[in-house]
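Worksheet for the structure shown next.
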Amino acid sequence: LKAISSTIQRDPTAAHYKYHDDPYLIPVSNFQKRAYALSQESGRKAAHWIRNQHPDLFNHKVAFPPIEKFYPKVFYDESHELDENELKKVIEKGVVSDAITVYNLLSKNGIEISSDTQQALLELVCFYNNQDDIEEDWIEERWYTQVNKEREELRNTWK
Numbered sequence: 130l131k132a133i134s135s136t137i138q139r140d141p142t143a144a145h146y147k148y149h150d151d152p153y154l155i156p157v158s159n160f161q162k163r164a165y166a167l168s169q170e171s172g173r174k175a176a177h178w179i180r181n182q183h184p185d186l187f188n189h190k191v192a193f194p195p196i197e198k199f200y201p202k203v204f205y206d207e208s209h210e211l212d213e214n215e216l217k218k219v220i221e222k223g224v225v226s227d228a229i230t231v232y233n234l235l236s237k238n239g240i241e242i243s244s245d246t247q248q249a250l251l252e253l254v255c256f257y258n259n260q261d262d263i264e265e266d267w268i269e270e271r272w273y274t275q276v277n278k279e280r281e282e283l284r285n286t287w288k
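In the working numbering, each residue's number is its place in the sequence shown (first place is 1) plus 129.
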């Protein structure tokens, strides 16, 4: 396979694989490419927002084995029966805001938390600087934002 693949070169005139194969839909200019990529990502964000706002509509589990990333997000409040194991699970997932919420609820209910779990929570909060990690799903937006930041830094500011 390596010998065969070495004889075939990439077609420089072909569009990027992320674009549709319809010649009318392939963006030509950089502005069109940016608009295409950001609008596609905006659609993905809208779908995530709907899933997070209405988790009751998406309770079915269609994947086997189950993929936890596709489950609706759990919102922790005082009505949940929480224990230290739940805090450990949230810390293991790496969701800082949920870990802090669960810790506060456990402390409020007077549930004892081991020093190992407290240390793991402290390490998580310090590592992510008390903010949730940026989702890796939004590659295009992050890339275009980075390009704009570099452009702003290079802009001539002298008078």
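Think of the CB as a built atom: it goes at the ideal place given N, C-alpha and C, for glycine as much as any other residue.
Output yes or no for whether 8 Å exceeds the beta carbon distance between residue i and residue j.
i	j	result
TYR205	ASP227	yes
TYR165	PRO152	no
ILE240	GLU270	no
THR246	LYS218	no
LEU154	TYR146	no
With distances taken Cα to Cα, identify the nearest neighbour of residue i among the options.
i	options	result
VAL203	PRO195, THR230, GLN161 and PRO194	THR230
LEU234	GLY223, SER208 and TYR257	SER208
THR274	ARG163, ILE133, TYR148 and SER134	ARG163
ALA249	GLU221, PHE187, TRP267 and TRP272	GLU221
PHE256	GLY223, TRP267 and ASN238	GLY223
ALA176	ASN238, VAL191, PRO195 and PHE199	PHE199
What are the boundary residues of the alpha helix (DSSP H) that includes residue i?
i	result
VAL254	244 to 256
GLY172	159 to 182
GLU107	The structure shown does not extend to residue 107, since the chain is modelled only from 130 to 288, so the question has no answer here.
LEU235	225 to 237
ALA132	131 to 136
Assuming residue i and residue j form a contact by the criterion Cβ under 8 Å, report the distance between their Cβ atoms to the nearest whole angstrom.
i	j	result
VAL225	LEU253	6 Å
PRO103	ARG180	Past the boundaries of the shown model lies residue 103; the chain is included only from 130 to 288, so the question cannot be answered.
To the nearest angstrom, report how far apart residue i and residue j are at their CA atoms.
i	j	result
ILE242	ARG139	57 Å
LEU187	THR142	The question names Leu, but residue 187 in the sequence shown is Phe. Near 42 Å, if we compare the C-alpha coordinates of THR142 and PHE187.
SER294	SER236	The first residue shown for the chain is 130 and the last is 288, placing residue 294 beyond what the model contains.
TRP272	GLU210	41 Å
TRP267	SER168	12 Å
ASP262	GLN182	20 Å
LEU130	ALA144	24 Å
Hey, is residue i's beta-carbon within less than 8 Å of any beta-carbon in chain D?
i	result
HIS145	Absent here is chain D; the protein component of the structure consists of one chain.
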